[in-house]
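One structure below.
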């Protein structure tokens, strides 16, 4: 066994790199074909999820294999090799097996113990089988990884150590409330109809949302998912819509979960801003009461360079204590705040970059810098007794982005009334999540299974040699029985059969102890040399051994394909 894995994950690389290095379905296929075309690799498959990209291969040369697999990952991910290399990790032979088994058990997941990775491992194996890039080693390894993962979930409480990524994301959206209480009666939009999106829809139905709307590029899949939800017995209402209707649905729902395979944004800042604002472009916003005895605001007056209509709208908005949405970013308007607090742009306070119609862009840039500095200072020196924005700000639209690369523009967190949780924020939150005691039990299972898998692979390595030895012995028996027939032609059938059986029994007894013992020795670490010693001692034909290996591998591949 010369198993090599080269990859990167949320543990080794920042989300921004993972996002850029994500592989499309076509890229996975091309990557596997090119891997097999490369000299060091005999078989391969790729495990690509939101949080990891790993290329598994059976190689005959370690250093050449690492170089080739790293180069191929860079080529097909679109990230330059020199940029990707610092985030890559390499595992070889038993350490590679240990890594995959740990991944299958959820020990290496962003949320420890989540079970979705098992489906992704099964998909990786199926892809290798479909493309005929997975040989005996990859088939054995991934089939066993699936069994180890299932064993960990059935024999331990690893499920209690963490939740699925969907559940964990909903917990982050709910903040201090139980998910069931937070979700009750809400309307949800699920974008996508793949495995993760389907899980999200099922989870939302289970925690008590009133309605789930499914949007997908393939209408049939969205309709099917909606039908399954209705038939689930949770009492949730479900319907499907076209992707073109997503922006309209944003105005009607409270929660959005998105996980598609799109390479660009599915929801832009403009889409979300348009959904949470009112018909006049304004949304309610809490405002501080005026100080007792304060003078009324002066009449609107347009400073030099500003459009008078825009200033009038801003003044009206500030007096009403409401927000103005523009350019995908919402800005808080407060009369005279700029002069009082040092903002370089009069009548604008809050956050923003894009220029309003008639407003000088440079002035707005100055304002944005001032706002960011003030925001950072406020975070560094929180006022005594003040509650966090998460605690007090009402959330009009909760967004959960589980896609990689991201489906939802990260800038939407600046829009008042919007809360966004994405892969990056989940990674930060899960880093501090409590670990269950069952993790130790799962680690013990992984260690046990790695040892057993290594022993089985080493024993399997010598099996073709043992089979070839027994085949040679059978030929010797046949030749000697034929020679005996020539020298003793008067033997009847019963006598001939008895002599033949006796000779076979002698040969079997002589070979039994050595072959059993050599299998035991070969299964131990460092036992790979016993097969070669056996071939040398009995002068076995290498071609015979190779033909047995090919036939055995073909049988194993057929069995694995049927099992999947």
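Numbering (the numbering used here), first residue to last: -7 to 556.
All C-beta atoms in this analysis are idealised placements derived from N, C-alpha and C, irrespective of residue type, glycine included.
Keep in mind the model is a prediction, meaning the values are calculated, not measured.
#### Entry: Helix, strand or coil at residue 230 [DSSP, three-state]
The residue you call residue 230 lines up with position 238 of the chain shown. Three-state DSSP puts residue 230 in a strand.
### Cα-Cα separation between residue 213 and residue 443, rounded to whole angstroms
Stepping through the chain shown from its first residue, residue 213 is reached at position 221. Stepping through the chain shown from its first residue, residue 443 is reached at position 451. Roughly 42 Å between the two C-alpha positions.
### Inter-residue Cα distance where the pair is residue 411 and residue 389
By 1-based counting over the chain shown, the position of residue 411 is 419. By 1-based counting over the chain shown, the position of residue 389 is 397. One C-alpha to the other measures close to 6 Å.
### Query
Between residue 51 and the ligand PLP, is the CB less than 7 Å from at least one heavy atom?
Of the ligands one can find in the structure shown there are none, so the ligand PLP has no counterpart to examine.
### Message
Does the contact criterion of 3 or more C-beta pairs under 8 Å hold for the region 453 to 461 versus the region 174 to 189?
### Response
no
### Local conformation of residue 130 per DSSP, three classes
By 1-based counting over the chain shown, the position of residue 130 is 138. Of the three classes helix, strand and coil, the one that applies to residue 130 here is helix, per DSSP.
### Message
What would DSSP say about residue 328, mapped onto helix, strand or coil?
### Response
Taking the first residue of the chain shown as position 1, residue 328 is located at position 336. With a pLDDT of 38 at residue 328, under the threshold of 50, the modelled position of this residue cannot be trusted; read the value that follows with caution. Looking at residue 328 - three-state DSSP - the assignment turns out to be coil, as it is neither helix nor strand.
### Query
For residue 190, which three-state DSSP category applies?
If you number the chain shown from 1, residue 190 lands on position 198. Residue state, collapsed to three classes: helix.
#### Entry: For residue 239, three-class secondary structure by DSSP
By 1-based counting over the chain shown, the position of residue 239 is 247. Three-state DSSP puts residue 239 in a helix.
### Query
According to DSSP, which residues form a beta bridge with residue 392?
Locating residue 392 in the chain shown gives position 400, where the first residue counts as 1. Answer is 249 and 413, bridged to residue 392.
### Message
What does DSSP give as the partner residue(s) for residue 37 in the beta ladder?
### Response
As a working mapping, residue 37 is identified with position 45 in the chain shown. Partner(s): 48.
### Query
So what's residue 209 in DSSP terms, helix, strand or just coil?
Residue numbering aside, residue 209 sits at position 217 when the chain shown is read from its first letter. In the structure shown, residue 209 sits in coil (DSSP, three-state: anything other than H, G, I, E or B).
### Message
Can you tell me whether residue 85 is helix, strand or coil according to DSSP?
### Response
The sequence position of residue 85 within the chain shown is 93, counting from 1. In the structure shown, residue 85 sits in coil (DSSP, three-state: anything other than H, G, I, E or B).
### Query
Thinking C-alpha only, which one of 470, 502 and 510 is nearest residue 491?
As a position in the chain shown, residue 491 is number 499, starting the count at 1. It is 470.
### Query
Which whole-angstrom value is the C-beta distance of residue 24 and residue 84, which I expect to be below 8 Å?
By one-based count along the chain shown, residue 24 stands at place 32. By one-based count along the chain shown, residue 84 stands at place 92. Incorrect: roughly 20 Å between the Cβ atoms, too far for contact.
### Task
Mind reading off the beta-carbon distance from residue 122 to residue 157? Whole number of angstroms is fine, and I expect it under 8 Å.
As a working note, residue 122 is residue 130 in the chain shown. As a working note, residue 157 is residue 165 in the chain shown. Going by Cβ atoms, the distance from residue 122 to residue 157 rounds to 26 Å, so no, they are not a contact pair.
### Message
I want to know whether the region 2 to 14 touches the region 62 to 78 - three or more CB-CB distances under 8 Å.
### Response
yes
### Task
Express the C-alpha separation of residue 39 and residue 112 in angstroms, rounding to a whole number.
Your numbering for residue 112 matches position 120 in the chain shown. Your numbering for residue 39 matches position 47 in the chain shown. Between residue 112 and residue 39, the C-alpha separation is close to 7 Å.
### Proximity of residue 141 and residue 34 at Cβ, strictly below 8 Å
By one-based count along the chain shown, residue 141 stands at place 149. By one-based count along the chain shown, residue 34 stands at place 42. No, they are not a contact pair.
#### Entry: Nearest candidate by alpha-carbon position, reference residue 230, set 256, 505, 200 and 80
For this step, residue 230 is matched to residue 238 along the chain shown. It is 200 whose Cα lies nearest to the Cα of residue 230.
### Query
So, helix, strand or coil for residue 106, using DSSP?
Here residue 106 corresponds to residue number 114 of the chain shown, with the count starting at 1. Coil.
#### Entry: Inter-residue Cα distance where the pair is residue 481 and residue 521
For the purposes of this step, residue 481 is taken as residue 489 along the chain shown, with counting starting at 1. For the purposes of this step, residue 521 is taken as residue 529 along the chain shown, with counting starting at 1. For residue 481 and residue 521, the distance between alpha carbons rounds to 45 Å.
### Query
Hey, how far is the Cα of residue 265 from the Cα of residue 394?
On the chain shown, position 273 is the one that residue 265 refers to. On the chain shown, position 402 is the one that residue 394 refers to. Rounded to the nearest angstrom, the two C-alpha atoms are 20 Å apart.
### For residue 495, the first and last residue of its enclosing alpha helix (DSSP H)
Here residue 495 is taken as the residue at index 503 of the chain shown, counted from 1. That run of the alpha helix (DSSP H) goes 485 to 514.
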